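For the sequence shown, my numbering assigns the number 6 to the initial residue and increments by one for each residue that follows.
Glycine included, C-beta positions come from ideal geometry on N, C-alpha and C.
The model shown is predicted, which means the values in this text are computed figures rather than measured ones.
Working notes, structure below.
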Amino acid sequence: MKSRFAFFSILLLIAFVLSACGQSVAEVPAASLEEGAMQEGQVYSYGMSDDWVNLGYMWTTIEDRYNVVHTDTDMTSAEQITRLLAEKDAPVLDVADIGYDFLGTLLDDGLAMTYKSSDWDSVPAQFKDPEGRWASAYWGAISFLINTDLVQTKPATWDDLLKPEYHDMICSRDPRVSSYATASVLAAAYAHGGGEGNVQPGLDFFQQLRETGNWREGVVLNVAAVQKGECPISLVYDFDGFAKRDATGLPLEVIIPQDATVGMIFAQYINALAPHPNAAKLTINYFYSDEGQVAFATGYAHPTRDVELPAEISAKILPESAYPNLYFPTSLNSFSAAVKNIVDGWNEIVGAE
Numbered sequence: 006m007k008s009r010f011a012f013f014s015i016l017l018l019i020a021f022v023l024s025a026c027g028q029s030v031a032e033v034p035a036a037s038l039e040e041g042a043m044q045e046g047q048v049y050s051y052g053m054s055d056d057w058v059n060l061g062y063m064w065t066t067i068e069d070r071y072n073v074v075h076t077d078t079d080m081t082s083a084e085q086i087t088r089l090l091a092e093k094d095a096p097v098l099d100v101a102d103i104g105y106d107f108l109g110t111l112l113d114d115g116l117a118m119t120y121k122s123s124d125w126d127s128v129p130a131q132f133k134d135p136e137g138r139w140a141s142a143y144w145g146a147i148s149f150l151i152n153t154d155l156v157q158t159k160p161a162t163w164d165d166l167l168k169p170e171y172h173d174m175i176c177s178r179d180p181r182v183s184s185y186a187t188a189s190v191l192a193a194a195y196a197h198g199g200g201e202g203n204v205q206p207g208l209d210f211f212q213q214l215r216e217t218g219n220w221r222e223g224v225v226l227n228v229a230a231v232q233k234g235e236c237p238i239s240l241v242y243d244f245d246g247f248a249k250r251d252a253t254g255l256p257l258e259v260i261i262p263q264d265a266t267v268g269m270i271f272a273q274y275i276n277a278l279a280p281h282p283n284a285a286k287l288t289i290n291y292f293y294s295d296e297g298q299v300a301f302a303t304g305y306a307h308p309t310r311d312v313e314l315p316a317e318i319s320a321k322i323l324p325e326s327a328y329p330n331l332y333f334p335t336s337l338n339s340f341s342a343a344v345k346n347i348v349d350g351w352n353e354i355v356g357a358e
């Protein structure tokens with residue numbers, strides 16, 4: 006590769022790769038993708054476990070339809086970035102689901118492939134990257150998950166949670182490490198006149214929640230804690246609340262705070278160095294197809310495309326009217342700044358543990 010021709014060969018190779026990465030699926034025949042995926046025989050994901058938003062059903066469908074074997078490694082968004090950087094010389098990941106607040110790092114490090122699904126044009130602009138490096142197939146809103154056996158009066162707003170009747174009842178997580186805890190602080194900020202540009206009202210609210218004793222200390226919010234009755238009121242994504250209800254069989258009710266909630270975007274992307282790119286592209290195509298969007302709704306997530314849902318699925322989810330004050334991230338930069346301010350503010354409240 007040190008000959009005089011190497012330089013020109015490299016230029017040609019770069020041009021070819023850039024051209025290929027820029028193609029949308031419309032430029033790649035579906036039959037070619039399916040042929041390539043069957044030859045690859047595998048698709049690897051990070052952070053897309055079977056028990057999340059009906060993904061188990063979707064992975065089984067993809068495996069059966071395209072004759073590939075799926076393997077997932079569960080990890081956080083931060084762990085994804087670290088793993089991708091470490092695996093650059095021996096890539097493993099094909100496709101992943103990542104938190105919106107980590108997209109800036111993903112893009113800055115050039116870790117995402119450019120690819121536009123077959124239904125790209127019908128994905129609303131707020132749920133996709135103009136260059137095709139990521140898109141969001143679904144979103145979830147912050148909710149109050151209530152155990153009606155343990156809670157007599159249902160809270161409807163954030164300020165309701167401050168009432169004495171909810172003493173030692175409210176479970177959440179640390180917003181320094183949990184996206185839905187971060188979104189909860191942001192939602193409380195919106196409810197009290199703040200927002201992405203001013204998260205202090207949300208931090209003040211949670212400090213007050215802790216000072217009243219309504220915040221439950223020492224309990225890790227998970228299915229087991231809910232099952233054991235340790236979390237009478239949990240701050241979770243709406244789809245996660247419904248999933249916990251189904252998993253536990255308890256009388257759990259999902260309530261959307263009427264003064265403000267935040268719609269969190271979950272983004273899917275293909276690894277720039279995906280070892281099984283055809284299988285990854287078919288996976289993305291499936292997620293954004295009408296069939297895939299209905300499958301997400303079956304797992305109680307909100308599809309980002311405007312698809313008609315079967316009546317039996319619509320009957321199981323909350324109507325649009327249940328979300329009167331719904332706020333989405335306005336941009337990567339502003340949301341990332343808000344997250345940083347929430348983390349810094351939380352450190353001041355509880356100390357950098």
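Problem set entry | Pick from 294, 318, 198, 296 that is closest to residue 305, judged by C-alpha positions | On the sequence shown, position 300 is the one that residue 305 refers to. The candidate whose alpha carbon is nearest that of residue 305 is 318.
Problem set entry | residue 111 to residue 103 span [Cα, whole Å] | Sequence index remark: in the sequence shown, residue 111 carries index 106 (1-based). Sequence index remark: in the sequence shown, residue 103 carries index 98 (1-based). Cα-Cα distance, rounded: 9 angstroms.
Problem set entry | Proximity winner among 222, 246, 242, relative to residue 232 (alpha-carbon distances) | Your numbering for residue 232 matches position 227 in the sequence shown. When each option's Cα is compared against that of residue 232, the closest is 246.
For this session: Could you check what DSSP says for residue 145 in three-state terms: helix, strand or coil?
Result: Walking along the sequence shown from the start, residue 145 turns up at place 140. In the structure shown, residue 145 sits in a strand (DSSP, three-state: E or B).
Problem set entry | residue 333 to residue 119 span [Cα, whole Å] | Looking up residue 333 in the sequence shown gives position 328. Looking up residue 119 in the sequence shown gives position 114. Residue 119 has its alpha-carbon roughly 24 angstroms from the corresponding atom of residue 333.
Problem set entry | Where residue 121 sits in the DSSP three-state scheme | What you label residue 121 is simply residue 116 of the sequence shown in a count that begins at 1. Per DSSP, reduced to three states, the secondary structure at residue 121 is strand.
For this session: For residue 308, name the three-state secondary structure that DSSP assigns.
Result: The sequence position of residue 308 within the sequence shown is 303, counting from 1. In the structure shown, residue 308 sits in a strand (DSSP, three-state: E or B).
Exercise. CA-CA distance, residue 260 and residue 190?
Worked result: For the purposes of this step, residue 260 is taken as the residue at position 255 of the sequence shown. For the purposes of this step, residue 190 is taken as the residue at position 185 of the sequence shown. Note on geometry: alpha-carbon atoms of residue 260 and residue 190 lie some 17 angstroms from one another.
Exercise. Taking just the CA atoms, how far does residue 243 sit from residue 145?
Worked result: Position 140 of the sequence shown holds residue 145. Position 238 of the sequence shown holds residue 243. Answer to the nearest angstrom: the Cα atoms are 6 angstroms apart.
Exercise. Where do the N-terminal and C-terminal ends of the beta strand (DSSP E) with residue 50 fall, by residue?
Worked result: Counting from one through the sequence shown, the residue named residue 50 turns up at place 45. Unbroken beta strand (DSSP E) run through residue 50: 47-51.
Exercise. Which same chain residues, not among the five before or five after residue 347, have their C-beta less than 6 angstroms away from its C-beta?
Worked result: By 1-based counting over the sequence shown, the position of residue 347 is 342. So the list reads 180, 187, 190, 204, once near-sequence residues are dropped.
For this session: Return the Cβ separation of residue 200 and residue 192 in integer angstroms, given the expectation that the two are a contact with Cβ distance under 8 angstroms.
Result: Stepping through the sequence shown from its first residue, residue 200 is reached at position 195. Stepping through the sequence shown from its first residue, residue 192 is reached at position 187. That belief does not hold up - the Cβ atoms of residue 200 and residue 192 are roughly 10 angstroms apart, past 8 angstroms.
Exercise. Which residues in the same chain have their Cβ closer than 7 angstroms to the Cβ of residue 314, if we skip the five residues on either side of it in sequence?
Worked result: Mapped onto the sequence shown, residue 314 falls at position 309. Taken in chain order, the residues that qualify are 299, 302.
Problem set entry | Nearest-angstrom Cα separation, counted from residue 349 out to residue 60 | In the sequence shown, counting from the first residue as 1, residue 60 sits at position 55. In the sequence shown, counting from the first residue as 1, residue 349 sits at position 344. About 34 angstroms.
For this session: Determine the direct distance from the alpha carbon of residue 101 to that of residue 53, and round the result to whole angstroms.
Result: Locating residue 53 in the sequence shown gives position 48, where the first residue counts as 1. Locating residue 101 in the sequence shown gives position 96, where the first residue counts as 1. Approximately 7 angstroms between the Cα atoms of the pair.
For this session: Using alpha carbons as the reference points, say which of 329, 236, 217 lies closest to residue 226.
Result: As a position in the sequence shown, residue 226 is number 221, starting the count at 1. When only C-alpha atoms are compared, the closest one is 236.
Exercise. Is it right to say residue 37 is buried, meaning 16 or more other beta carbons lie within 10 angstroms of its own, or is it exposed?
Worked result: To locate residue 37, count along the sequence shown from 1; it is residue 32. Classification of residue 37: exposed, given that the 10 Å Cβ count is below 16.
For this session: Please confirm whether residue 58 and residue 248 have their CB atoms less than 9 angstroms apart.
Result: If you number the sequence shown from 1, residue 58 lands on position 53. If you number the sequence shown from 1, residue 248 lands on position 243. Yes, the pair counts as a contact, with Cβ atoms nearer than the cut-off.
Exercise. Between residue 342 and residue 72, what straight-line distance do the alpha-carbon atoms span, to the nearest angstrom?
Worked result: Taking the first residue of the sequence shown as position 1, residue 342 is located at position 337. Taking the first residue of the sequence shown as position 1, residue 72 is located at position 67. Spanning the two alpha carbons is a distance of roughly 43 angstroms.
Problem set entry | Ranges of the beta strand (DSSP E) found wholly within the stretch 309-342, counting only runs of at least 3 | none
Exercise. DSSP three-state call for residue 140: helix, strand or coil?
Worked result: For the purposes of this step, residue 140 is taken as residue 135 along the sequence shown, with counting starting at 1. If DSSP states are grouped into helix, strand and coil, residue 140 belongs with the strands.
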